[in-house]
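The block underneath contains the structure these notes are about, expressed in structure tokens.
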Amino acid sequence: MKSTKLTGLKKGIKLYEHQKFYVKKILKNIETTNKINYFVSLPQGAGKTLLSLTILSKLINKGRVKYALILTPRRVLVNQWIEESNKFFYGLKIMKDPKLSKQNIGKTRTLLKHSQVHAIAMTIQSFKNYMKKGYFRERDFDLVIIDEASDSTLAKDFLEKYRMSYYLEGLENWKNLKLLVFPKDVDENKLENMIKKFNEKFSKLIREEPESIDKLQYEIKEPIVIDDPLVNYFTEVLNNEYKTIRRKVLNLLKKLDIKGYQENLETLLRHKTMQKLRKIYGLDKETTTFIQVLITKYILIKHLLKWFLYANREELNRTLLASQFQVKEWLTYNDKKLEKLKEIVENLLNERKKIYIYSEYISTAEMIFSYLKENLNLKDEEIELITGNVEDQYIRLDNFKKKGKILISTPVFDKGTDIPEVNSAIIFTLPRNIERLHQIKGRIRGGEIITLAYKGYEEEIIKQIVQLLRD
Amino acid sequence: MIKIIALSDIYGEIEIINELTERFDKKFDVCIIPGGINKPKKDKSKEIFEKLTKISEKILFVNGGTDKIEIENTQEISNLENNPIILNKRRLKIGFLGIGGVPDRSIKRKTEYQNIWNETLLRNELLRKMNVDYNKIKIEKPDFFFFISHTPPYGIADYSRKITLNELESTQDIEEQDIEEKRKSTNPLHLGSKIIREFLLKNKIHIHIFGHVHKEGGKLIRYKDTTFINVAHISTLPYKLTGRKFCIIHVDKKNIQVEFRNVVNPELDLKNFLEVYL
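Protein chains in written order, with our numbering: chain U, 2 to 472; chain C, 226 to 503.
This is how it looks when you write it as structure tokens:
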């Protein structure tokens, strides 16, 4: 008897060859092996969401999956999953995190059971809360899809090396089918450890670079260097101080024969860690407090360094440094990096380009937003700001795609979110790590990448970043 | 013109008060202290007031979360709680009123504090107290109304993790508040009082001076007809970076000027400055 398809790709929508290949491969594995955890690591542009949704759709048709759970690290991605399912599939119903639609969670669970909904998509934070309250259980779902799984699933921990993330703890023991999706550039060690956590025996890794994926064309511009002698001086002093104090802590640990903390000194600020050290090494309270005071000091210096580089005048103005004569002078004139950014943006707008500006900090992103809006006389719909502080992230993203000219965002808006409309990405502040750097690049589907740096300290780092991006 | 100095969250640090008073030989007309005078259960208020009277003719204060100062009001030193005051000087009339304590939901460890209230239980009583005080000075038709409290109004310069006096936790707070990724694990909140906000929205207050939320210290916000000033904190801890702060306010018939300053030696070069103050 011919079975009726409940869901499938809409008319005219076709998968790429590589997508067809992986869908087939994974489904075959599910049918013929005892593997339940599928780790899918493919390059940006491979269409991982569409691939995952196709697998979900086929499993629903086969009767293998009745209810699925889709977990994402960010709210904005929840909407993206729903948008893609509506756009490409018929009959595939995904419910948004009830918290976002402000429905009653109790009703939601009943609704999931008795309605035609095939999946529920939510952030990992919501998932943690619901699990804590006992709203969902392992048996409620037949398939769990974890998007951008590397950061969501595993956290680096100094003591344990790698541990399950706070949000998904326990999920590794679930016996239902799991599809963990992440980009190709995920750290090898992390991937290995993730598979170990989920039990290698029941896990399958698919990590490939299919030839059929079109290589995206990026133009990584030479860094734009801004010369501000005062910033050069501040960063030099702060960087030297930072290194000196850090060295002091390391020497002290060496003298006390304390091993294993060199790479992660900040761990020593934890009360429990220090208690442990006191016990093991017989340290007195005075010594441990001294170590903590030194660490605190270099953390503060590190922050000041960033605030100078990231043009964070509002924060600096509220510190006691605002009274120091050189800083006071610096605070009297406009930030040169911000002025340069305005000039670049103005030129790009004249070339009718759509611009994405990345900032590591919320306050910096907010400052860029206000400064550009005011100084370039932009209308509300021409410039959008997306940070963890704003509620309507997806609406803003949609507005930008439709009418916007400039999008300013922090890491809240990095992994998995596509903005193919953008022609130019500007990195205003240094990303925290290489993985994040690739994520910024991955947001746009080709185009130019512009970096800005103050002369000296920041210039050196940004040059390395540019090289990494080119490689 | 009336010259006012405002400082809060001293936490019994006599040394910083010494450093401050050494800087000013001239007297201010009023010194406003919106609480946080003592460390929990260690009353150093007498000594602090004595030193501050050297630079200010009058001291007007309210108790903070860590204070329980009970003194007899004098010409020089007054607790503004239940005791609104009119300053009539140089053809300028300023009405001062205030309220002490902090909402219990704004602090991390209740044991650190001795002057806390529950907003739900005490709403009517606190509102009544503030309205009575306001109406008392309103009769005098002052040019300006100054409202002093330890806690900020809800939603204004009050966004932080719950307040703690522990320096190391506070450093972590700076770190975590800034980095987007870590924000999700910190949960900062609006810690201000909803009752004070309600009172301020219904009455005409020109200046509201408060402290308590250390992380937001140094913020000056103009909302509707009121200027809100978070003067936290003059103590060197819990935030070394934002501590040593005070505020000078010049008031004349037409204008109110506000300026934040720090108790530091501004002439030191950056390296030495960091060494001395961080």
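For every residue, glycine included, the Cβ atom is placed at its ideal position computed from N, Cα and C.
Pull up the distance between the alpha-carbon of Asn480/C and that of Ile474/C, whole angstroms please. 10 Å
Cβ atoms of Phe471/C and Ile459/C: under 9 Å apart, would you say? yes
Between the region 239–257 of chain C and the region 230–249 of chain U, do at least 3 Cβ pairs fall closer than 8 Å? Pairwise C-beta distances place the region 239–257 of chain C out of contact with the region 230–249 of chain U, as fewer than three of them are shorter than 8 Å.
Please list, in chain order, all residues of the same chain as Asp234/C whose beta carbon is under 6 Å from its beta carbon, the five residues on each side excluded. Gly261, Gly436, Ala457, His458 and Ser460
Distance between Asn240/U and Val501/C (C-alpha atoms, nearest Å): 17 Å
So Glu361/U is in the beta strand (DSSP E); what residue range does that whole segment cover? Where Glu361/U is concerned, there is no enclosing beta strand (DSSP E), given that its DSSP letter is neither H nor E.
Is it right to say Pro230/U is buried, meaning 16 or more other beta carbons lie within 10 angstroms of its own, or is it exposed? exposed
Quick test of the definition: if touching needs 3 or more C-beta pairs under 8 Å, does the region 370–390 of chain U touch the region 451–469 of chain U? Segment contact: the region 370–390 of chain U against the region 451–469 of chain U, fewer than three CB-CB distances shorter than 8 Å; contact not assigned.
Can you tell me which of the three DSSP states His475/C falls into? strand
Quick check: is the beta carbon of Lys355/U nearer than 9 Å to any beta carbon in chain C? no
Would DSSP call Ile388/C helix, strand or coil? strand
Return the residue from the list Asp419/U, Ile450/U and Gln263/U that minimises the CA-CA distance to Leu349/U. Ile450/U
Please classify Ile207/U as buried or exposed, where buried requires at least 16 neighbouring CB atoms within 10 angstroms. exposed
At the level of alpha carbons, what is the spacing between Leu101/U and Asn80/U? Here Leu101/U scores only 46 on pLDDT, less than 50, and its place in the model should not be relied on; the value that follows carries that caveat. Approximately 10 Å, taken between the alpha carbons.
Local Cβ density within 10 Å of His19/U, reported as buried at 16 or more and exposed below that: buried
Return the first residue and the last residue of the beta strand (DSSP E) that Ala122/U is part of. Looking at the DSSP string, the run of the beta strand (DSSP E) that includes Ala122/U is Ala120 to Thr124.
Whole-number beta carbon distance between Pro44/U and Lys185/U, since they are thought to touch under 8 Å: 4 Å
Rounding to the nearest angstrom, what Cα-Cα distance links Asp393/U and Lys402/U in this structure? 14 Å
Nearest chain U C-beta to Val489/C closer than 9 Å, yes or no? Val489/C has a beta carbon lying within less than 9 Å of a beta carbon in chain U.
Counting only beta-carbon separations shorter than 9 Å, does Glu149/U have a partner in chain C? no
Proximal residues to Asn313/U (C-beta, below 8 Å), its chain only, five neighbours per side dropped: So the qualifying residues of the chain are Lys307, Tyr362, Ser364, Thr365 and Met368.
Grouping DSSP H, G and I as helix and E and B as strand, with all else coil, what is Asn304/C? strand
Going by other Cβ atoms of all chains shown within 10 Å of its Cβ, with 16 needed for buried, is Arg316/C buried or exposed? exposed
Report the rounded CA-to-CA distance for Asp285/U versus Leu278/U, giving the unit in angstroms. The C-alpha of Leu278/U is placed about 10 Å away from the C-alpha of Asp285/U.
Tyr167/U - DSSP class collapsed to helix/strand/coil: coil
Is the CB-CB distance between Arg75/U and Val423/U below 9 Å? no
Decide if Val427/C is buried, meaning its Cβ has at least 16 other Cβ atoms within 10 Å, or exposed. Per the sequence shown, the amino acid found at residue 427/C is Lys instead of Val. So Lys427/C counts as exposed.
For Ile396/U: DSSP bridge partner residues: Ile396/U pairs with nothing; no bridge assigned.
Under 7 Å between beta-carbons, which chain C residues line up against Val1/U? List them in chain order, please. In the structure as shown, chain U begins at 2 and stops at 472. Residue 1/U is therefore absent and cannot be evaluated.
Closer than 9 Å to chain U by CB, Arg469/C: Arg469/C counts as touching chain U.
I'd like to know whether the C-beta of Tyr179/C is nearer than 9 Å to at least one C-beta of chain U. For residue 179/C there is no data in the structure shown, the boundaries of chain C being 226 and 503.
For a cutoff of 9 Å on Cβ pairs, would you count Lys496/C as touching chain U? yes
Where Phe128/U sits in the DSSP three-state scheme: helix
Nearest to Tyr464/C by CA position, among Pro491/C, Ser385/C and Gly417/C, is which residue? Ser385/C
Could you give the residue range of the beta strand (DSSP E) that holds Arg486/C? Start and end: Ile481 to Asn487.
Any idea what DSSP makes of Lys409/C, helix, strand or coil? For Lys409/C, the predicted model reports a pLDDT of 38, less than 50, meaning its position is unreliable; a value from the coordinates is still stated below. DSSP places Lys409/C in coil when its eight states are reduced to three.
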